[in-house]
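Going line by line, the protein sequences match chains A and B.
Under my numbering, think of the first position of the first sequence as 50, with each following residue one higher.
Under my numbering, think of the first position of the second sequence as 50, with each following residue one higher.
Cβ coordinates follow ideal geometry from the N, Cα and C atoms, glycine included.
Since we're looking at a predicted model, the values are computed, not measured.
Protein chains: 2
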Amino acid sequence: MSFDKEAIHIYDTTLRDGAQQEGLNLSVHDKLTIARHLDDLGVGFIEGGWPGANPKDTEFFALAKKELKLKNATFVAFGATRRPNVKAADDVLLGALRDSGAPAVTLVAKSYDRHVDLALKTTLDENLAMIRDSVKHLRDEGQRVFLDAEHFFDGYRANRAYALEVIRVAMEAGADVAALCDTNGGMLPDEIADVVHDVLGATSARLGIHCHNDTGCAVANSMAAVAAGATHIQGTLNGYGERTGNADLVTIIANLELKKKKEVLPQNALRESFRISHAVAEVTNISPSPRQPYTGVSAFAHKAGLHASAIKVDPSLYQHEDPASVGNDMRMLVSDMAGRASIELKSMELGVDLGGDRELIGRVVDRVKEMESRGFTFEAADASFELLLREEATGKRPSFFTIDHWLTTTERDEKNSIITKAEVTVTAQGKEITCSGAGNGPVNAFDNALRDGLNQLYPELASLELTDYKVRILEGRLGTGAVTRVLVETSDGKGEWNTVGVHENVIAASAMALEDALTFGLLRQGRKPE
Amino acid sequence: MSFDKEAIHIYDTTLRDGAQQEGLNLSVHDKLTIARHLDDLGVGFIEGGWPGANPKDTEFFALAKKELKLKNATFVAFGATRRPNVKAADDVLLGALRDSGAPAVTLVAKSYDRHVDLALKTTLDENLAMIRDSVKHLRDEGQRVFLDAEHFFDGYRANRAYALEVIRVAMEAGADVAALCDTNGGMLPDEIADVVHDVLGATSARLGIHCHNDTGCAVANSMAAVAAGATHIQGTLNGYGERTGNADLVTIIANLELKKKKEVLPQNALRESFRISHAVAEVTNISPSPRQPYTGVSAFAHKAGLHASAIKVDPSLYQHEDPASVGNDMRMLVSDMAGRASIELKSMELGVDLGGDRELIGRVVDRVKEMESRGFTFEAADASFELLLREEATGKRPSFFTIDHWLTTTERDEKNSIITKAEVTVTAQGKEITCSGAGNGPVNAFDNALRDGLNQLYPELASLELTDYKVRILEGRLGTGAVTRVLVETSDGKGEWNTVGVHENVIAASAMALEDALTFGLLRQGRKPE
Numbered sequence: 050m051s052f053d054k055e056a057i058h059i060y061d062t063t064l065r066d067g068a069q070q071e072g073l074n075l076s077v078h079d080k081l082t083i084a085r086h087l088d089d090l091g092v093g094f095i096e097g098g099w100p101g102a103n104p105k106d107t108e109f110f111a112l113a114k115k116e117l118k119l120k121n122a123t124f125v126a127f128g129a130t131r132r133p134n135v136k137a138a139d140d141v142l143l144g145a146l147r148d149s150g151a152p153a154v155t156l157v158a159k160s161y162d163r164h165v166d167l168a169l170k171t172t173l174d175e176n177l178a179m180i181r182d183s184v185k186h187l188r189d190e191g192q193r194v195f196l197d198a199e200h201f202f203d204g205y206r207a208n209r210a211y212a213l214e215v216i217r218v219a220m221e222a223g224a225d226v227a228a229l230c231d232t233n234g235g236m237l238p239d240e241i242a243d244v245v246h247d248v249l250g251a252t253s254a255r256l257g258i259h260c261h262n263d264t265g266c267a268v269a270n271s272m273a274a275v276a277a278g279a280t281h282i283q284g285t286l287n288g289y290g291e292r293t294g295n296a297d298l299v300t301i302i303a304n305l306e307l308k309k310k311k312e313v314l315p316q317n318a319l320r321e322s323f324r325i326s327h328a329v330a331e332v333t334n335i336s337p338s339p340r341q342p343y344t345g346v347s348a349f350a351h352k353a354g355l356h357a358s359a360i361k362v363d364p365s366l367y368q369h370e371d372p373a374s375v376g377n378d379m380r381m382l383v384s385d386m387a388g389r390a391s392i393e394l395k396s397m398e399l400g401v402d403l404g405g406d407r408e409l410i411g412r413v414v415d416r417v418k419e420m421e422s423r424g425f426t427f428e429a430a431d432a433s434f435e436l437l438l439r440e441e442a443t444g445k446r447p448s449f450f451t452i453d454h455w456l457t458t459t460e461r462d463e464k465n466s467i468i469t470k471a472e473v474t475v476t477a478q479g480k481e482i483t484c485s486g487a488g489n490g491p492v493n494a495f496d497n498a499l500r501d502g503l504n505q506l507y508p509e510l511a512s513l514e515l516t517d518y519k520v521r522i523l524e525g526r527l528g529t530g531a532v533t534r535v536l537v538e539t540s541d542g543k544g545e546w547n548t549v550g551v552h553e554n555v556i557a558a559s560a561m562a563l564e565d566a567l568t569f570g571l572l573r574q575g576r577k578p579e
Numbered sequence: 050m051s052f053d054k055e056a057i058h059i060y061d062t063t064l065r066d067g068a069q070q071e072g073l074n075l076s077v078h079d080k081l082t083i084a085r086h087l088d089d090l091g092v093g094f095i096e097g098g099w100p101g102a103n104p105k106d107t108e109f110f111a112l113a114k115k116e117l118k119l120k121n122a123t124f125v126a127f128g129a130t131r132r133p134n135v136k137a138a139d140d141v142l143l144g145a146l147r148d149s150g151a152p153a154v155t156l157v158a159k160s161y162d163r164h165v166d167l168a169l170k171t172t173l174d175e176n177l178a179m180i181r182d183s184v185k186h187l188r189d190e191g192q193r194v195f196l197d198a199e200h201f202f203d204g205y206r207a208n209r210a211y212a213l214e215v216i217r218v219a220m221e222a223g224a225d226v227a228a229l230c231d232t233n234g235g236m237l238p239d240e241i242a243d244v245v246h247d248v249l250g251a252t253s254a255r256l257g258i259h260c261h262n263d264t265g266c267a268v269a270n271s272m273a274a275v276a277a278g279a280t281h282i283q284g285t286l287n288g289y290g291e292r293t294g295n296a297d298l299v300t301i302i303a304n305l306e307l308k309k310k311k312e313v314l315p316q317n318a319l320r321e322s323f324r325i326s327h328a329v330a331e332v333t334n335i336s337p338s339p340r341q342p343y344t345g346v347s348a349f350a351h352k353a354g355l356h357a358s359a360i361k362v363d364p365s366l367y368q369h370e371d372p373a374s375v376g377n378d379m380r381m382l383v384s385d386m387a388g389r390a391s392i393e394l395k396s397m398e399l400g401v402d403l404g405g406d407r408e409l410i411g412r413v414v415d416r417v418k419e420m421e422s423r424g425f426t427f428e429a430a431d432a433s434f435e436l437l438l439r440e441e442a443t444g445k446r447p448s449f450f451t452i453d454h455w456l457t458t459t460e461r462d463e464k465n466s467i468i469t470k471a472e473v474t475v476t477a478q479g480k481e482i483t484c485s486g487a488g489n490g491p492v493n494a495f496d497n498a499l500r501d502g503l504n505q506l507y508p509e510l511a512s513l514e515l516t517d518y519k520v521r522i523l524e525g526r527l528g529t530g531a532v533t534r535v536l537v538e539t540s541d542g543k544g545e546w547n548t549v550g551v552h553e554n555v556i557a558a559s560a561m562a563l564e565d566a567l568t569f570g571l572l573r574q575g576r577k578p579e
């Protein structure tokens, strides 16, 4: 049997509920881009927003109708049941859903008696009428309707009979699915399973599940609902959402496909999930969590030296799945716990062939240990490690310039204004260049001066940007004084790399990390070192 | 019945397994600080590391024996069973555990036949003998022993009989608990529950659970194990750990206490979890996730709108728990971080009596919110917060000196030597003093110059020492540029205090934090401000 998107609905609400996340602000263009990524991932349903409720979503639906050619997904509009005491056909917001052009609509409805009373301020019977009329109206107009039963689990605890009645009324009026929403996110898997099981028996409705991560169980709650019989799963990319976020749809999908052997995406689509998760993070401009299950950059990263030797024998000894199944990669982290095996694996990953040269590998291991004992760390500084590798492999560290002298000054004057300047003398391609720069700190000024000086010889440095900068004071070991460790992240718009510098002096440590950063940036662009 | 830490073991492994996280690198001092926070949180057991396996952990255990006075927790050393084919008493690493001074030891043992063969490279029988001998040896020497059954769930799938035999052998030799480890993190709650249930029936051992988050289910897996009868739970603060991290201990604790009504921490300790989670994040220098369950700054944040009016009627309509139960706050706005209650509690803790003055408390709350929106944080800067409190309570910020002007220069000459100098002009007790200093970096030189200048007037400054210094770059909000946050820890030999400075320029931010540090140091010594 081949994939059938109707068997288990993979329903994405990144564009609506995900957008409720603090700090997340999507333009209409962003939403179109994300919708295309979602369609590439192969989700069955894309909830686009609430047309009529805010102008941005109205515009998005109008544009989507024209521009969005979906290969796989069904486009869904979200909205509420009609207001109390009006006719469905006269309800303006319901009209906007009807006119949105979306083939399907998800209607949110109250299923918790207390919310009907206190938030909706109407009677329990009128709420049922609102659900019945609204579902029927949209069905009559030719749209497919899903019901989001808001606060369902809390409502079920408080008044089971009423919560069940909400589901029955919606199904009788023609809804396809009733999605049970843990709106406040306080549930645990055992209760979710019990409730889904009971509702299924009591209503025979097709059930869906919509979870939030307030107990850290959004994924497990969704899995528990599916095990209990739900066949429609709502979630968001990267678990975006209000408070602690919604259920992370990619993790659920990977668990269903890889652990439970259920086909819920088109064939091979899961392998796109790493790429798509990161591409969407670029759109939202929210740094992806390195620890995200399956798609985090650390999800298949190994640190301990003990593990590394066994991983060489068989990666499955220390990995729950093949990282390629979600488009991710195994990564070895170089740390003071590292031995020969992890250095070898790491070098392969970086594309530097050590050719099994035991003496060379031994030299690299010794050098890493010696440098780590002085405060270096390479697990967060791949680029500095690669420079070290190339130096040991070729006998010469890749170099495009030599810094001869530098001077930074920072001054606060009596008027409380702060001025920072740097002067750098550098030799490159046989020329000595002296240059200066200003900045919002000595390191920034140094960086500006250095790049300004090298700009004529290496114009590609203009595209580089310092994207992160971290400083740590390390206590002295074995009687030496404290040292400063600086980690720098640099980007050229296509990718990022990390470098490290260690010195007693923070500016000198920064200069070291910046020198590595620019050197590696030039290597990346294909420049041959001097 | 009151709290009994033996009823359900809350076992923290932040300092050992948590430290395996990519990018996490803890100094000995960091580990001591985190251990104190863990003890404040009230966990029953703190796993400190692997003494004997690396010099840093050996040093930590030696220092912990002298310096760590734990109120509640038992200190635990981690290590492996003896090597194949040696006597337990002759095994060097086992000897280091025995001599660590820790009252309890957790021994990791292979329970998956394939790992015995491929990673340990010994026979199944010898592995059992290694477990038996090692547990017995440490028990005979008077230590309590826990067993970490590595790869237990994978091992159980492959060879149930052998996995069970590992548990039986350990218990017969005198282990207290066998913790079943989902080392590769691939399990889901249903399988965890089934296996724990079966092992309990087959061995009658006291069982523990150790989960990783590779399927996004670490918390739910731990909860499932407890429901199936496990009474010892391993996890880490903020879910730190290799790959996708370990189970987040605070989320598990909150779920057990608030949802399952099990008392697993001393009374009121859970209310400290927000503070401790964030204080530890400052030590690790890893930005805390705003979406972290219970303790994330977004965990109880609501976007204004529909929810707002209902929340005014009754917050429980839109919150699964009272945020105060974990020391967190409900927030309606992005910058709305501090609540009145926490400001009042914090002030009491610092010994500043706000006398229930609502207007004064409101002023402090507003000021904290405004400053946090600019990048300040007071979680890890008590001393700066106390200066702010005193300023608002008395109308004048405590002050012993005014810095009029400063200048720092750092230079690297052609001979590769680095010289840093600072010049500071300061007014104190009506005198203008200009002074200079050198140092191993501009901040150190500034500190030296300032203290040298003030030395005649305040000789007690000579006893102060800068003991930690951290820098973080914060991305700009609302279109402003990036700012730098500096946290400084200062000691006078009797205690430490922490101060914060925020500025575009790292030297200016440092100057701000240092000014607070010296001011607070003089207050501590009983000096009356000008």
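In whole angstroms, what separates the C-alpha of residue i from that of residue j?
i        : j        : result
A/Lys80  : A/Glu116 : 12 Å
B/Glu331 : B/Arg217 : 42 Å
B/Gln69  : A/Lys543 : 29 Å
A/Ala242 : A/Leu510 : 57 Å
B/Ile522 : B/Asp406 : 36 Å
B/Lys577 : B/Leu436 : 13 Å
B/His200 : B/Gly67  : 17 Å
B/Glu190 : B/Pro152 : 10 Å
A/Thr529 : B/Tyr60  : Residue confidence for A/Thr529 is low, a pLDDT of 40 falling below 50, so the modelled location carries little weight and cannot support an answer.
B/Val92  : A/Asp148 : 57 Å
Would you kindly report the start and end of the unbroken beta strand (DSSP E) that includes residue i?
i        : result
A/Val473 : Ile467 to Ala477
A/Leu285 : Residue identity check: residue 285 of chain A is Thr in the sequence provided, not Leu. It is not in any beta strand (DSSP E) - A/Thr285 carries neither H nor E in the DSSP assignment.
B/Tyr211 : Unbroken run through B/Tyr211 is the alpha helix (DSSP H), Arg209 to Glu221; no beta strand (DSSP E).
A/Arg461 : Thr451 to Arg461
B/Phe94  : Phe94 to Gly98
B/Glu538 : Val532 to Ser540
Within a Cβ cutoff of 6 Å, which residues of the same chain sit near residue i, ignoring the five residues on either side of it in sequence?
i        : result
B/Asp363 : none
Restricting to Cα atoms, I'd like to know which of the options is closest to residue i.
i        : options                                   : result
B/Asn103 : B/Arg576, B/Ala227, B/Ala126 and B/Thr280 : B/Ala126
B/Arg132 : B/Ala84, B/Asp182 and B/Pro152            : B/Asp182
B/Phe112 : B/Gly98, B/Asn493 and B/Asn121            : The question names Phe, yet the displayed sequence has Leu at residue 112 of chain B. Comparing Cα positions, the closest option is B/Gly98.
Between residue i and the rest of its own chain, which residues show a CB-CB distance below 7 Å, the 5 nearest in sequence each way excluded?
i        : result
B/Gly393 : It is worth fixing the name first, because residue 393 of chain B is Glu in this sequence and not Gly. Within the same chain, B/Glu393 has close Cβ partners Leu403 and Ile410.
A/Pro339 : Gly345, Val346 and Ser347
A/Ser271 : Ile258, Cys260, Ile282, Gly284, Ala296 and Ile301
Please report the residue range of the alpha helix (DSSP H) in which residue i lies.
i        : result
A/Leu173 : Leu173 to Asp189
Excluding the 5 residues flanking residue i on each side, which residues of the same chain have their C-beta closer than 8 Å to its C-beta?
i        : result
A/Glu481 : Asp453, Thr474 and Val475
A/Ser326 : Leu286, Asn287, Val299, Pro337, Gln341 and Thr344
Using a Cβ-Cβ cut-off of less than 9 Å, list which residues of the segment 331-350 of chain A approach chain B; keep chain order. Ser336, Ser338, Pro339, Arg340, Gln341, Pro342, Tyr343, Gly345, Val346, Ser347, Ala348, Phe349 and Ala350
The segment 66-100 of chain B: positions lying closer than 8 Å to chain A by Cβ: Taking 8 Å as the Cβ-Cβ cut-off against chain A, the residues of the segment 66-100 of chain B that qualify are Gln69, Gln70, Glu71, Gly72, Asn74, Ser76, Val77 and His78.
Taking a Cβ distance cut-off of 9 Å, strictly less, list which residues of the segment 541-556 of chain B are near chain A, in chain order. His552, Glu553, Asn554, Val555 and Ile556
Listed in chain order, which residues of the segment 209-243 of chain B have Cβ atoms closer than 7 Å to some Cβ of chain A? Asn233, Gly234, Gly235, Leu237, Pro238 and Asp239
Any C-beta of chain B within less than 7 Å: which residues of the segment 253-270 of chain A qualify? Asn262, Asp263, Thr264, Gly265, Cys266, Val268 and Ala269
Could you list the residues in the segment 487-498 of chain A with a C-beta less than 8 Å from some C-beta on chain B, going in chain order? Asn489, Gly490, Pro491 and Val492
Contact list for the segment 458-491 of chain B against chain A, Cβ threshold 7 Å: Thr458, Thr459, Glu460, Arg461, Asp462, Glu463, Ile467, Thr469, Asn489, Gly490 and Pro491
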